[in-house]
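Enquirer: Got a structure for you, questions after.
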Amino acid sequence: MKNFEFCVGTDIVFGRDTEKYLADKIRPYGKKILMVYGGGSIKKNGLYDKLMKILEEYEIYELSGVEPNPRIESVKKGADICREKNIDLVLAVGGGSTLDCSKAICAATFYNGDPWDLVVRKAPIEKALPLATVLTLSATGSEMDAGGVISKLDTNEKRGFGSPLLLPKVSILNPENTFTVSEYQTASGSADMMAHIFESYFDKEKVFIQDEFAEALLRAVIHYAPIAVKEPTNYQARAELMWASSLAINGILGTGKNDNWTVHSIEHELSAFYDITHGVGLAILYPRWMRYILSENTLDRLHRFAVKVMGVPDGDDKEKVALNGIEALEKFFFETLNLPSNLTELGIGRENFKVMAEKAVQIGSLSNGYVALTPDDVEKIYEMCL
Ligand code: NZQ
Ligand code: ZN
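Letter by letter, the sequence shown follows residues 0 to 385 in numbering that gives the first Met the number 0.
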């Protein structure tokens with residue numbers, strides 16, 4: 000196990016009706032709030048009105064319309080409001096896109112140049128407004144991590160950024176706020192959290208605690224995601240998924256490991272070029288990546304994954320068991336969760352694969368991954384996804 004430092008300073012308030020604690024929790028930061036939200040789901044399901052009532056003592060400004068795969072333009076708009084109105088705290092109400100956009104706003108408020116500099120690490124994040132979140136979609140774990148992902152569509156770029164300064168001060172996790180999430184977003188969010196777990200589970204460093212914990216979380220998602228898809232108001236299922244999403248990426252699984260983020264880097268190029276749903280891209284890529292990297296070096300881990308996570312019966316032929324595990328994962332994503340199974344279905348062809356593969360390898364440092372990948376390897380993996 001490698002050396003590590005682990006500190007997550009987010010106050011998680013989990014459960015039914017927990018929004019009622021928000022007013023007290025954010026009082027130390029000041030009175031002026033920028034509430035950031037997406038395309039309107041919180042108005043349709045009543046959460047917006049509920050929060051307005053709870054926060055009536057505060058002076059609230061709003062930034063709405065944050066896009067799935069949030070754009071740098073929204074970050075600029077939010078930072079302008081924060082500077083103009085002397086905002087004390089940003090309150091993100093939504094899914095990962097809204098939370099990520101809010102994180103970038105918190106940092107961009109104190110930066111005089113182009114906020115994209117902060118995303119691509121051309122300039123360091125030195126100061127940030129405090130952030131509170133009310134999560135409405137279980138997927139990214141942005142509610143309990145210090146990172147975010149912002150897109151710049153005119154140049155086909157989607158980049159991750161992060162700083163401990165961006166860790167939410169408080170996150171309200173009420174599973175009931177996810178009851179209205181569609182089947183499609185529930186399924187793709189579940190694929191995303193599984194992918195977060197995979198990024199450190201498939202790692203050169205083996206650590207008993209993290210590996211067993213990862214398997215338990217994966218089994219929880221595999222058990223509860225289909226229930227949440229079929230019964231959107233099943234509290235237990237929504238609660239298990241919500242907590243799994245936070246635990247998958249709050250750093251605990253990656254401690255003592257290399258924490259590779261290989262397949263995420265490959266997916267980010269897909270959403271950068273084609274603006275697709277992140278979890279769908281991951282569901283299409285992961286089984287192909289597993290098939291591509293299966294070798295005597297990875298066999299033990301893929302075999303263990305098949306047996307302990309996918310419930311495949313063990314046998315003498317380890318490779319066959321491992322392949323059955325990958326097939327079971329495909330069935331889970333594409334049949335049980337009914338996610339699109341290939342890029343062709345999404346209208347994506349091979350025209351940009353070469354440039355996407357080169358960018359993924361360079362930005363994600365894929366030569367240092369669990370299995371080192373070259374641009375040629377990544378291009379082949381994209382081809383397998385057609
Ligand atoms: O915009 P609204 O109207 O709110 O609708 C959203 C959006 O259309 C809807 N939705 C959210 N909560 C809902 C709801 N609909 C009904 N009821 C609710 N309660 O769902 C749609 C998708 O929302 P979005 O926030 O885009 O989804 P998600 O949470 O999956 O976030 C995806 C973004 O996060 C990034 C992704 O790359 C992508 O840009 N990621 C962030 C990470 C992080 N911060 O650590 C890590 C991830 O790997 C990921 O890259
Ligand atoms: Zn992800």
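We put the beta carbon where it would ideally sit given N, CA and C, even for glycine.
Using the C-alpha atoms, what's the distance from GLN209 back to GLU142?
Expert: In a straight line, the C-alpha of GLU142 is about 21 Å away from that of GLN209.
Enquirer: Among SER264, SER73, ASP202, ASP315, which has the Cα closest to the Cα of CYS100?
Expert: The option with the nearest alpha carbon to CYS100 is SER73.
Enquirer: Taking only runs that begin and end inside the region 279 to 336, name each unbroken alpha helix (DSSP H) of 4 or more residues, in chain order.
Expert: With a minimum length of 4 residues, the continuous alpha helix (DSSP H) runs that stay inside the region 279 to 336 are 298 to 303, 317 to 330.
Enquirer: Which of helix, strand or coil does DSSP assign to GLU55?
Expert: Residue state, collapsed to three classes: coil.
Enquirer: Assign ALA127 to one of three DSSP states: helix, strand, or coil.
Expert: Looking at ALA127 - three-state DSSP - the assignment turns out to be coil, as it is neither helix nor strand.
Enquirer: Any idea which residues DSSP pairs PHE160 with across the strands?
Expert: PHE160 pairs with GLY147.
Enquirer: Would you say the beta carbon of VAL354 is closer than 7 Å to some non-hydrogen atom of the ligand NZQ?
Expert: False, no ligand heavy atom lies under 7 Å from that Cβ.
Enquirer: Figure out for me which residue from ASP315, PRO69, THR373, THR139 has the closest Cα to the Cα of LYS157.
Expert: Minimum Cα distance to LYS157 is reached at PRO69.
Enquirer: Tell me the rounded alpha-carbon separation between ASP376 and LYS43.
Expert: Taking the straight line from one Cα to the other gives about 45 Å.
Enquirer: Helix, strand or coil, according to DSSP, for TYR36 in the structure here?
Expert: Note: TYR36 maps to strand in three-state DSSP.
Enquirer: According to DSSP, is SER96 helix, strand or coil?
Expert: Three-state result, SER96: helix.
Enquirer: What does LYS70 pair with, by DSSP beta-bridge criteria?
Expert: The sequence as given places Arg at residue 70; Lys does not occur at that position. BP columns for ARG70 point to SER150.
Enquirer: State the DSSP-derived secondary structure class of TYR369, mapped to helix, strand or coil.
Expert: It is coil, neither helix nor strand.
Enquirer: Can you tell me whether SER170 is helix, strand or coil according to DSSP?
Expert: Reduced to three states, the DSSP call for SER170 is strand.
Enquirer: For VAL119 versus CYS105, is the C-beta spacing smaller than 8 Å?
Expert: Cβ atoms of VAL119 and CYS105: not closer than 8 Å.
Enquirer: Rank ALA321, LYS358, ASN323, ALA145 by C-alpha distance to the C-alpha of LEU166 and give the top, closest one.
Expert: That would be ALA145, whose Cα lies nearest to the Cα of LEU166.
Enquirer: Take the Cβ of HIS222 as the centre, count every other Cβ of all protein chains shown within 10 Å, and call the residue buried at 16 or more, exposed below.
Expert: Looking at its Cβ environment, which holds fewer than 16 other Cβ atoms inside 10 Å, HIS222 is exposed.
Enquirer: To the nearest angstrom, how far is the alpha carbon of THR335 from that of LYS203?
Expert: Computed Cα separation, rounded: 31 Å.
Enquirer: Going by beta carbon distance, what residues of the same chain come within less than 6 Å of ILE226, once the five residues before and after it are set aside?
Expert: Hits under 6 Å: ASN233, ALA236.
Enquirer: Please name the residue in MET355, LEU130, LYS307 whose C-alpha comes closest to that of GLY8.
Expert: Of the candidates MET355, LEU130, LYS307, the one whose C-alpha sits nearest the C-alpha of GLY8 is LEU130.
Enquirer: Cα separation between GLU182 and LEU328?
Expert: Distance between the alpha carbons of GLU182 and LEU328 is about 18 Å.
Enquirer: The ligand NZQ heavy atoms versus the CB of SER141: any closer than 7 Å?
Expert: At least one heavy atom of the ligand NZQ is nearer than 7 Å to the Cβ of SER141, so yes.
Enquirer: For ASN341, count neighbouring Cβ atoms within 10 angstroms of its own Cβ and tell me buried if that reaches 16, exposed if not.
Expert: By the 10 Å Cβ count, ASN341 comes out exposed.
Enquirer: Does DSSP put VAL89 in a helix, in a strand, or in coil?
Expert: It is a strand residue.
Enquirer: Hey, would you say LEU217 sits closer than 8 Å to VAL279, going by beta carbons?
Expert: No; because the gap between Cβ atoms is not below 8 Å, this pair is not in contact.
Enquirer: Between the alpha carbons of TYR20 and TYR369, how many angstroms are there, rounded?
Expert: Near 42 Å, if we compare the C-alpha coordinates of TYR369 and TYR20.
Enquirer: In three-state terms, what does DSSP make of VAL12?
Expert: In the structure shown, VAL12 sits in a strand (DSSP, three-state: E or B).
Enquirer: Report the three-state DSSP secondary structure of LEU342 (helix, strand or coil).
Expert: Here LEU342 sits in coil by DSSP.
Enquirer: Between HIS267 and VAL148, is the Cβ-Cβ spacing less than 8 Å?
Expert: Yes. Within cutoff.
Enquirer: Just confirm the distance between the C-beta atoms of LEU62 and LEU33, as a whole number of angstroms; I'd bet it's less than 8 Å.
Expert: Confirmed, Cβ separation roughly 6 Å.
Enquirer: Here's the rule: buried if 16 or more other CB atoms are within 10 angstroms of the residue's CB, otherwise exposed. What is ASP316?
Expert: Answer is exposed; the Cβ neighbour count stays below 16.
Enquirer: Output the distance between the C-alpha atoms of MET309 and GLY324, rounded to the nearest integer angstrom.
Expert: When rounded, the distance between both Cα atoms is 6 Å.
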